[in-house]
Each structure stands twice: as C-alpha cells, then as structure tokens.
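What the sequence shown shows, in this note's numbering, is residues 2 to 447, in sequence order.
Beta carbons: idealized from backbone N, C-alpha and C, even for Gly.
All of these numbers come straight from a predicted model, not from anything done at the bench.
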Amino acid sequence: MAPVVRSRTPPRPARARSAAGGRRASAAVRAPANRLSTEGEVVADTNRGVVYQAPGEVTVEDLDFPKLELAEQGGRKLQHGAILKVLATNICGSDQHMVRGRTTAPAGLTLGHEITGEVIETGGDVEFVKAGDLVSVPFNIACGRCRNCKERHTGVCENVNRARPGAAYGYVDMGGWHGGQARYAVVPYADFNLLKFPGDRDTVMAKLPDLAMLSDIFPTGYHGAYTAGVTTGSTVYVAGAGPVGLACATACLLLGAAVVIVGDMNEQRLAQARGFGCETIDLSRHGDVGAQIEQILGVPEVDAAVDCVGFEARGQGHEGARTEQPATVLNTLMDITRAAGGVGIPGLYVTGDPGAADENAKVGQLGLRIGTGWAKSEYFVTGQCPVMSYNRQLMMAILYDRVQIARNVNASVIPLEQAPEGYAEFDKGAARKYILDPHGTLGAAA
Numbered sequence: 002m003a004p005v006v007r008s009r010t011p012p013r014p015a016r017a018r019s020a021a022g023g024r025r026a027s028a029a030v031r032a033p034a035n036r037l038s039t040e041g042e043v044v045a046d047t048n049r050g051v052v053y054q055a056p057g058e059v060t061v062e063d064l065d066f067p068k069l070e071l072a073e074q075g076g077r078k079l080q081h082g083a084i085l086k087v088l089a090t091n092i093c094g095s096d097q098h099m100v101r102g103r104t105t106a107p108a109g110l111t112l113g114h115e116i117t118g119e120v121i122e123t124g125g126d127v128e129f130v131k132a133g134d135l136v137s138v139p140f141n142i143a144c145g146r147c148r149n150c151k152e153r154h155t156g157v158c159e160n161v162n163r164a165r166p167g168a169a170y171g172y173v174d175m176g177g178w179h180g181g182q183a184r185y186a187v188v189p190y191a192d193f194n195l196l197k198f199p200g201d202r203d204t205v206m207a208k209l210p211d212l213a214m215l216s217d218i219f220p221t222g223y224h225g226a227y228t229a230g231v232t233t234g235s236t237v238y239v240a241g242a243g244p245v246g247l248a249c250a251t252a253c254l255l256l257g258a259a260v261v262i263v264g265d266m267n268e269q270r271l272a273q274a275r276g277f278g279c280e281t282i283d284l285s286r287h288g289d290v291g292a293q294i295e296q297i298l299g300v301p302e303v304d305a306a307v308d309c310v311g312f313e314a315r316g317q318g319h320e321g322a323r324t325e326q327p328a329t330v331l332n333t334l335m336d337i338t339r340a341a342g343g344v345g346i347p348g349l350y351v352t353g354d355p356g357a358a359d360e361n362a363k364v365g366q367l368g369l370r371i372g373t374g375w376a377k378s379e380y381f382v383t384g385q386c387p388v389m390s391y392n393r394q395l396m397m398a399i400l401y402d403r404v405q406i407a408r409n410v411n412a413s414v415i416p417l418e419q420a421p422e423g424y425a426e427f428d429k430g431a432a433r434k435y436i437l438d439p440h441g442t443l444g445a446a447a
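Structure follows, in structure tokens:
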C-alpha cells in the first residue's frame, strides 16, 4: 500500500504528551524554542517530523521540541545527551517495512534512524562534543558502558532497551526512542555515539549527501560484505539492488572484489548497479541464479554472498516473482556460495510480521534448507550492523574521495514536508535514496 500523502498541523494541546514506553527523551509544549545558533544569536524555531499513522499512511506533524530529559523517569535529566539540528535524515527500507504494516509499529511513532546534524545543546556530563560540531549519528543507540558496547557490539547494547538488547531511533520494538526524521532530535550518550566530522565546515557541507550515508546504509552494506569475507579478488553475489544492496556492492568494490553481481527484479535499480561497475541478474526473468552466475563467471558459485533483501523477499523467475517467499534469498545464497564461503545477512528479519504469507513467517520462522549450509561448511553472520565498527573509516574514505556513495545509491534530496511523497515513490520502487532536508541546508526545492 502506497503511503497517503498528507502534511498537517494538529491543534496545539495545552500540555505536552508524555513519552509512551521505552526510554524516550521528553519534550516541551509545542511552541517555538529559543536556541543559540553557531554564530551565537538567539533563534526561535519549532519542530516538525514524520509520523507513522497507519499502514500506508505517514504525515508530517508539529512535534514537541526536544529536551534533555527522560519523561518516563519523572523528567530525569539526560545529562549525557545532546540536541541536534538535523541537517539530513534519510528514508530507509527498514522504515518502509513499518509503513507497509509489516511490523507491530504503533500509530504516532516518529520515524527515522538515519540522522546527520549539528549539535546545538549538550547535557552537563558531555565532555567532548560541543555546540556547532557537525556529526553523524549511528542508528544503533549504545551506552558505551555495558559488556557488548565495550566489545564493540553496539547493535546489541544491554542498557538502552528494556525489552531486549539493541535499540534504534524511531523503530518498532527498539526501545521507544523518538525518530530523527525531524527538524531537531535528541541523541543519548553523545560522547560515545556521535561521530564528529573533521576539517572545515565548507568541506563537510559539500560532502554532506555522502556523509549522510554513514548513519546506516553504508556501514550496513560494508558490514554485510566484510562479514561474508569479501576481500581482494573475491567474487560476490549481492541479493537486492535497493539502497543497502547498492551500498553493499559499493563496499565490495572498496574491499577489492574482482566481480560483484547484483540480483533484483527492478530494472532501474539494476541499471544503477551497472552504472558503477557491477554485473546484474534480473530475477523477474531468471529463477536459476546459479546458471546466471555461471554465464558471468564460468562457474555457478561465488566466494561470498550478501542478503540485502530481508523478510519481504519474493520468489524468482516468471512465476516465483509473483509471490512472497521469505526464505528464497537465504536458500539461494546457500546454494550459490562455494563450500567454506561466507554469507552476510544485513537484510532485516523480524520476530513478528502481521502481514506475512503464512503462519510460520508471522512469528519469524522460515523454511531454511540449513542442511545445505552445513554440508558446505558455510558460515553466516546476521543481525544489526554495529555502525561504530566502520563509520570512522568510511568517513575518511568519503572525505578523501576514495568512494562516491551518494552517486552510487542515487541520493535525491527533498524537503522534509515532502516525506510522504518520498515514501510513496520509494514504495513504488524508485531507484533513489531519499534524503530529507529539514532546514533547506542541502538546497532542496521548496
């Protein structure tokens, strides 16, 4: 279902809503808030953001202005946090899963976990981040203090989600933190989480569309490639040519892969992959992926494979592509990866899918031919990408022109108020990565 296009301003309530569940930062009454600009002037501004309303419906709403407080804990000060002016915030395929009604996301959830911005306020315990810093925000929220964080498993922090390890901004079952598809956002544990961009402001701003990919899809794609064992001379199959798949293909080339093959059913997205040097397979026409790989490589297998599709996978070939078959990608990757090869799985799989094709898939149970993987001694790595393991290195690759990630994913800037249109176009299969521009910083047309 395509998202309903609507932007509205609701009546202003007499008092602020309290944060419902999770460890959300609270906010003041919806009214202009005074903050210092980087030039030291006092400016007044209001907050607006993208809100999930129901399956197929997102709107742009007035939001509470962030405060460094935890509403559910009696307004306890968030001394380790920072407030950001959001300069770029991206629409992600993971957001689309929620908007399509394929998760248990509640109405009223502020969306967005891909955030790049400027620090405008810090809590009393923040020592190393200051107002005016331009920063990337990893989509994983991490405390920096638990065992997992200290071992750099920041995707499964033990202290930021009461329900289970791991948290993210604006995502169902991920701790209840407000999303960042807004004009302003709060980041907890700022010293640990924020990646400061070095160098002069003009250089950073000129590369902001590329740097905006550091919050999620570039590290996520790199994680999929790296954990699958991609290295110099590797042959790789990437399932999916959406933004994460294209980012993964970019990462494979950066890691030195000899051949990167991308499979998808969307010809525009496949053309995007071919545009930066990938081979492609149209899965709407070809059901036997191994046979197509053999035509390219001379053998029906690759050294490494990466699932950048996830749980909404469809079948392959003329007939299979018509129906949803959530285990298709994983089973295919086991088939076409060589013995002792690696399979990276950054594609999202969920524990609850109300719109699944069958009862097993509704609770995250898939019909995997795990015996194939066992017999071939393949290895698998799945789960959230620990963004902080990769974002600094990828930032340097961007700043020193070693990679053109915004070009490769076809980054397209639109105003925040056009987010519903962006969601609708992305849902239709647009071969674009939409960057929302809340303040007109990137020159988006009004």
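Exercise. Tell me the DSSP bridge mates of ALA412?
Worked result: On the sequence shown, position 411 is the one that residue 412 refers to. According to DSSP, ALA412 bridges with LYS434.
Problem set entry | Where ILE436 falls, given that 16 or more other Cβ within 10 Å makes a residue buried | Taking the sequence shown and counting its residues from 1, the one referred to as residue 436 is at position 435. With 16 or more Cβ atoms within 10 Å of its Cβ, ILE436 is classed as buried.
For this session: Quick one: grab the DSSP three-state call for ASP211.
Result: For this step, residue 211 is matched to residue 210 along the sequence shown. Residue state, collapsed to three classes: helix.
Exercise. How long is the line joining the alpha carbons of GLN385 and GLU320, rounded to whole angstroms?
Worked result: As a first step, residue 385 is located in the sequence shown; it is residue number 384 there, counting from the start. As a first step, residue 320 is located in the sequence shown; it is residue number 319 there, counting from the start. Each residue's Cα considered, the two are about 32 Å apart.
For this session: Could you pull out every unbroken alpha helix (DSSP H) segment of at least 4 residues lying fully inside the stretch 116-182, listed in chain order?
Result: 148-151
Problem set entry | Assigned secondary structure, TYR223 (DSSP; H/G/I helix, E/B strand, else coil) | The count along the sequence shown starts at 1 and reaches residue 223 at position 222. Three-state DSSP puts TYR223 in a helix.
Problem set entry | Other residues of its chain near ASP135: CB distance less than 6 Å, five sequence neighbours each side excluded | In the sequence shown, counting from the first residue as 1, residue 135 sits at position 134. Going by the sequence as given, residue 135 is Leu instead of Asp. Once the five neighbours on either side are set aside, the close Cβ partners of LEU135 are GLU119, PHE198, VAL205.
Exercise. Buried or exposed: ARG163, going by 16 or more other Cβ atoms within 10 Å of its Cβ?
Worked result: On the sequence shown, residue 163 is found 162 positions in, with the first residue counted as 1. With fewer than 16 Cβ atoms within 10 Å of its Cβ, ARG163 is classed as exposed.
Exercise. GLY176: which of ASP201, ARG339, ASN141 sits nearest, CA to CA?
Worked result: The residue labelled residue 176 in the question sits at position 175 within the sequence shown. Out of ASP201, ARG339, ASN141, ASN141 has the C-alpha closest to the C-alpha of GLY176.
For this session: Let me know if GLY124 comes out buried or exposed under the rule of 16 or more other beta-carbons within 10 Å of its beta-carbon.
Result: Position 123 of the sequence shown holds residue 124. With 16 or more other Cβ atoms within 10 Å, it is buried.
Problem set entry | Counted within 10 angstroms of its Cβ, other Cβ atoms place ALA183 as buried (16 or more) or exposed | Translated into the one-based positions of the sequence shown, residue 183 becomes position 182. The residue in question, ALA183, is buried, as its Cβ has 16 or more Cβ neighbours within 10 Å.
For this session: Return the residue from the list ALA248, ALA258, VAL290 that minimises the CA-CA distance to MET266.
Result: Position 265 of the sequence shown, counted from the first residue, corresponds to residue 266. Among ALA248, ALA258, VAL290, the Cα nearest to that of MET266 belongs to VAL290.
For this session: Reducing DSSP to helix, strand and coil, say where ARG315 ends up.
Result: As a position in the sequence shown, residue 315 is number 314, starting the count at 1. Note: ARG315 maps to strand in three-state DSSP.
Exercise. Closest to GLU268 by CA distance: which of ARG286, THR251, GLN405 is it?
Worked result: Sequence index remark: in the sequence shown, residue 268 carries index 267 (1-based). Comparing Cα-Cα distances from GLU268 to each of ARG286, THR251, GLN405, the minimum goes to ARG286.
Problem set entry | Inter-residue spacing [alpha-carbon to alpha-carbon] between THR90 and PHE193 | Counting from 1 along the sequence shown, the entry for residue 90 is found at position 89. Counting from 1 along the sequence shown, the entry for residue 193 is found at position 192. Looking at the two C-alpha atoms, the distance is approximately 20 Å.
Exercise. What span of residues does the beta strand (DSSP E) with THR251 cover, start to end?
Worked result: Along the sequence shown, one-based indexing puts residue 251 at 250. Not the beta strand (DSSP E): THR251 falls in the alpha helix (DSSP H), residues 244-255.
For this session: Could you check the C-alpha separation between GLU70 and ARG49 for me, to the nearest Å?
Result: To locate residue 70, count along the sequence shown from 1; it is residue 69. To locate residue 49, count along the sequence shown from 1; it is residue 48. Distance between the alpha carbons of GLU70 and ARG49: 19 Å.
For this session: Can you say whether ASN149 is buried or exposed, counting buried as having 16 or more other CB atoms within 10 angstroms of its CB?
Result: Along the sequence shown, one-based indexing puts residue 149 at 148. Its Cβ being crowded by 16 or more others within 10 Å, ASN149 is buried.
Exercise. So what does DSSP say about GLU295, is it helix, strand or coil?
Worked result: Reading the sequence shown from its first residue, position 294 is the one you call residue 295. Note: GLU295 maps to helix in three-state DSSP.
Exercise. Say the cut is 7 Å; is the CB of GLY257 nearer than that to a heavy atom of the ligand GTP?
Worked result: Absence of the ligand GTP is noted for the structure shown, with no ligands found whatsoever.
For this session: Can you have a look at VAL300 and say buried or exposed, based on whether 16 or more other CB atoms are within 10 angstroms of its CB?
Result: Here residue 300 is taken as the residue at index 299 of the sequence shown, counted from 1. That one is exposed.
Exercise. Going by Cα to Cα distance, which pick from SER95, LEU112, VAL100, CYS249 is closest to GLU62?
Worked result: Walking along the sequence shown from the start, residue 62 turns up at place 61. Ranking SER95, LEU112, VAL100, CYS249 by Cα distance to GLU62 puts LEU112 first.
Problem set entry | the stretch 216-235 in contact with the stretch 420-428 per 3-pair CB rule at 8 Å | no
Exercise. Is it the case that the Cβ atoms of VAL173 and THR221 are separated by a distance below 8 Å?
Worked result: Along the sequence shown, one-based indexing puts residue 173 at 172. Along the sequence shown, one-based indexing puts residue 221 at 220. Against a cut-off of 8 Å, the Cβ pair of THR221 and VAL173 comes out as no contact.
Exercise. If we call anything under 8 Å between Cβ atoms a contact, is PRO244 one with LYS429?
Worked result: Here residue 244 refers to the residue found at position 243 of the sequence shown. Here residue 429 refers to the residue found at position 428 of the sequence shown. The answer is no: Cβ separation not under 8 Å.
Exercise. What number of angstroms, rounded off, separates the C-alpha of VAL310 from the C-alpha of ASP96?
Worked result: The sequence position of residue 310 within the sequence shown is 309, counting from 1. The sequence position of residue 96 within the sequence shown is 95, counting from 1. Using only the alpha carbons, I get a separation of about 14 Å.
Problem set entry | ARG184 - DSSP class collapsed to helix/strand/coil | To locate residue 184, count along the sequence shown from 1; it is residue 183. The answer is coil: DSSP assigns ARG184 none of H, G, I, E or B.
Problem set entry | Buried or exposed (CB count within 10 angstroms, at least 16 for buried), LYS86 | Counted from its first residue, the sequence shown places residue 86 at position 85. LYS86 comes out buried.
Exercise. ASN160 to TYR190, Cα distance in whole Å?
Worked result: Translated into the one-based positions of the sequence shown, residue 160 becomes position 159. Translated into the one-based positions of the sequence shown, residue 190 becomes position 189. In a straight line, the C-alpha of ASN160 is about 11 Å away from that of TYR190.
Problem set entry | For GLU128 and THR338, the rounded distance between their alpha carbons | Locating residue 338 in the sequence shown gives position 337, counting from the first residue. Locating residue 128 in the sequence shown gives position 127, counting from the first residue. Approximately 47 Å between the Cα atoms of the pair.
Problem set entry | Three-state secondary structure assigned by DSSP to PRO421 | Here residue 421 is taken as the residue at index 420 of the sequence shown, counted from 1. In this structure, PRO421 counts as helix in the three-state DSSP scheme.
For this session: Please specify which runs of the alpha helix (DSSP H), each continuous and at least 4 residues long, are wholly inside the stretch 356-397, giving them in chain order.
Result: 360-363, 371-376
Exercise. So what's ARG403 in DSSP terms, helix, strand or just coil?
Worked result: For the purposes of this step, residue 403 is taken as the residue at position 402 of the sequence shown. Of the three classes helix, strand and coil, the one that applies to ARG403 here is coil, per DSSP.
For this session: Just the C-alpha distance for ALA207 and THR155, rounded to the nearest angstrom, thanks.
Result: Locating residue 207 in the sequence shown gives position 206, counting from the first residue. Locating residue 155 in the sequence shown gives position 154, counting from the first residue. Answer to the nearest angstrom: the Cα atoms are 29 Å apart.
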